[in-house]
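The structure under discussion appears below in the form of structure tokens.
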């Protein structure tokens, strides 16, 4: 009946006539005796009855097959109420501070093998969906089996997979596979190379380069053998090789040259050592001082500094370098070796070690070029990159004292905490949140109590003369790094500020945020 | 105690909630306290004096001395959130004068409301006559509207509804506007329902036919208005869009009232033409009766009463007269609580829920949004559609407008465990409102 009515309704009563024989008895009876004349009226009346007739008889249908709805159970305990409640306060903090404090909170839960309440799962997933991978990895650890299950069915949330998931590796997109590989290398410390090698032959050259890049950043000695094999076999020079293959060789070279136990390091440093020599210093120094250590690059191609060797052995593109910076390709090649080979190798040739080596590479007139009327050291970037690549704190410290801040900014994170703090005080950076943020502390590390005190005092001292956004930025940083022991100092200056006309500024843009963060950390530390 | 989720529903806007949240730390408040019936605090404002924020915990009402037009304001939300996080952190002390005097005034107002209004004065007689005159005039106007709408329906059905998805907005709006002119906004609402059908849904044809069938029956009933008994006349008038006065109902000593411990099973707020309509669904724990409380707000006014979803309200409700009374107002609220009552009666399966719905439409064929309580339900997805399963694995389709996040909430808190639920059936689809888990009711 309903289908018949629907057909009439769709094309109209002008085109299709109601067949009363198709109606159920009850509706037919109701229609009997009605004085409806037009087809539309008859149809509409029937439609009214049929609607309720239909609704009265409708039942929800049985699924009709076995359905698999496994019950998700938790194996870990839900955390203590006092700790779980802190999430609410953390959620309330400024965005930049939020992630840092959340990490403290997550660490506490993870250390105690606790999970969160099931009704907070969506809240935390939503809150952290845009956070870093590291934070998300921790979140996955506290949301329990139910949370992980939600992540597997709701694609709104992009969280790293921690479980073995061969589907991602075998069928995922390159970016997903790279993320998976990196995740495993960074956090699970498993034999990831054998996983990579199991599919290596089927990988494209672009994928291989991507994975080699990850290996380079997360290199462990156990990778050496496999990388050496790849260097010697698959990516050894071939006359008709593709650009990607050469680039892959260069990536492996850059990685192996950082490992002093690798064969390539031994061979290369032996070769490079041959170029070190001495020369008489000029002027007075030549009379009283020892000879100066120098690198004598060959005038003519020899058995090492040649285009062929550089390309075939080291994968260096012979054409692609900045000719404005390097007048001679040999200088460019040397700059690459300076980055790839750890700086202690180079410093070993100089009596005064790092210091003298740096003077040489940054100050030698042959290693400078005039750019816009100024002399620029051509190895500056290579040395900065070397410090970063090998996480060489000593090189970073030396470079910072030799270079202008704009060139050494990215090395601040490599300094020892004490070095950075005394440097920041000496250079009067306490009101510059950007510079302080570039320092060596991770988000879960504190400044020393002395430095924290200096910062509070300095901040208090500048309220009158500074903008509120400067205070806000300092507050965000202090909320993360201020030593818990300095809470008393903070309160003392808050009392002092109460009497000042700028109390509101201090309270709203600095004190409240820092105080709340300290309170949260205090609870977590207990 | 009102929890964070419930406070979210009380906030007039998400921005107001976020602003309130920023004030929910202890440090934000100069002082705060609570008694067994109220919560209060002083917070620094822009002037020399602090703002005085107070909350009646018994019947959930707010007052703040701040100049905000939002209700509840961010201070009240902040104070409630502070309380919800750790009630023990708020000292129980004696009420300051500004709190106790406000509570006394509220109580006096409540008592005054309950006093029956004296009638039969000469003025009232006149006012009654005027009212009858206005009603007769309006009836005439609606009758004209009914005739016009019937003609439109006939035209529609003569040419067929196949082209309905391609009709311009004007096609519907023109006739809806005519119904408004005819003082029948309820009929305009039916036209809008037709216009707003989800034409991408394969079932739109069935849905359109059902709307047309029900609307036609309503038009025919209205045409018989004079032959209907008074209760039916009221019901049909309401369906056509006559507004019902809460004040009159409150003053009506003959109105049907029910005292019970009501669970506010959920709330749905929908916006249309600048008007927010909040529907709160209640089910009585002792008498197993359901009720619907409507609340309206516009851009310029907030909801007039506060109903918190998920709480138990020990209250007397007054029902608006109808052949099947459902819409009600809170006549007397004794207290609210977050402790679930034991008496709630659950249906065993979808068949029982459907039967319950049938009993209602037998009395009032236009009744919709049927509230129910169902045992052992689970959520299930098949071919991109969600269903609610009963214990026999009958599957009721989830309302197509149901928020995906709420589906995830259901799944995350149950982990596929079957649990009792509350919901409503709207046009054969199910809108889940909350879940009963571990002796708690969790609003979705």
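Chains as they are written, first to last, in the numbering used here: chain A, 2 to 527; chain B, 6 to 449.
Here a beta-carbon is modelled for each residue, glycine too, at the ideal position from N, C-alpha and C.
- Under the 8 Å criterion on CB atoms, residue 375 of chain A is classed as non-interfacial with respect to chain B.
- In terms of beta-carbon proximity, residue 120 of chain A lines the interface with chain B, with at least one pair separated by less than 8 Å.
- With contacts defined as CB atoms closer than 8 Å, residue 60 of chain B and residue 85 of chain B qualify as a contacting pair.
- Residue 61 of chain B is bridged by DSSP to B:43, B:66.
- Non-local C-beta neighbours of residue 9 of chain B in its own chain, meaning closer than 6 Å and more than five positions away in sequence, comprise 89, ordered along the chain.
- Under the three-state reduction of DSSP, residue 333 of chain B is assigned to strand.
- The beta-bridge partner set that DSSP reports for residue 48 of chain A is empty.
- For residue 109 of chain A, not one C-beta of chain B is nearer than 8 Å to its own C-beta.
- For residue 376 of chain A, the enclosing beta strand (DSSP E) covers residues 375 to 378.
- Counting the other Cβ atoms within 10 Å of the Cβ of residue 482 of chain A gives 16 or more, which makes it buried.
- Residue 181 of chain A and residue 172 of chain A have their C-alpha atoms roughly 12 Å apart.
- Burial state of residue 391 of chain B is buried, judged by a 10 Å Cβ sphere holding 16 or more other Cβ atoms.
- At a cut-off of 8 Å between beta carbons, residue 398 of chain B contacts chain A.
- In the displayed model, residue 344 of chain B falls within coil according to three-state DSSP, outside both helix and strand.
- Taking a 10 Å sphere around the C-beta of residue 11 of chain B, we find 16 or more other C-beta atoms and assign the residue as buried.
- Residues of chain A with a Cβ closer than 8 Å to the Cβ of residue 163 of chain B are, in chain order, 13, 14, 15, 40, 41.
- For the pair residue 441 of chain B and residue 424 of chain B, the CB atoms are nearer than the 8 Å cut-off.
- Annotated as proximal: residue 158 of chain B and residue 221 of chain B, with beta-carbon spacing under 8 Å.
- Counting the other CB atoms within 10 Å of its CB gives residue 215 of chain B a total of 16 or more, which places it among the buried residues.
- As a beta-bridge residue in DSSP terms, residue 375 of chain B pairs with B:430.
- Of the candidates B:194, B:415, B:430, B:39, the residue whose Cα lies closest to the Cα of residue 73 of chain A is B:415.
- Ranking A:249, A:209, A:136 by CA distance to the CA of residue 184 of chain A puts A:136 first.
- Nearest CB-CB separation between residue 148 of chain A and chain B: below the 8 Å threshold.
- Within the stretch 359 to 435 of chain A, the runs of alpha helix (DSSP H) that reach at least 4 residues and sit entirely inside it are, in chain order, 381 to 390, 394 to 403, 406 to 409, 418 to 427.
- Taking residue 399 of chain A as the centre and dropping the five residues before and after it, the same chain places the C-beta of 355, 356, 359 closer than 8 Å to its C-beta, in chain order.
- Rounded to whole angstroms, the Cβ separation of residue 463 of chain A and residue 487 of chain A is 17 Å, and the two are not in contact under 8 Å.
- The residue among B:241, B:38, B:232, B:206 with its C-alpha nearest the C-alpha of residue 190 of chain B is B:241.
- Taken atom to atom, the span from the alpha-carbon of residue 58 of chain B to that of residue 81 of chain B is near 6 Å.
- The C-beta distance from residue 66 of chain B to residue 111 of chain B rounds to 7 Å, short enough to meet the 8 Å contact threshold.
- CA-CA distance, residue 421 of chain B to residue 346 of chain B, rounds to 25 Å.
- Using a 10 angstroms sphere on the CB of residue 98 of chain A, the tally of other CB atoms reaches 16 or more, which defines it as buried.
- Under the criterion of beta carbons closer than 8 Å, residue 294 of chain B and residue 265 of chain B qualify as touching, at roughly 7 Å.
- Using beta-carbon distances, residue 135 of chain A does not count as an interface residue toward chain B, since no partner is under 8 Å.
- Between residue 426 of chain B and residue 323 of chain B, the C-beta spacing is not below 8 Å.
- For residue 174 of chain B, DSSP assigns no beta-bridge partner whatsoever.
- In this structure, the straight-line span from the alpha carbon of residue 97 of chain B to that of residue 91 of chain B is close to 13 Å.
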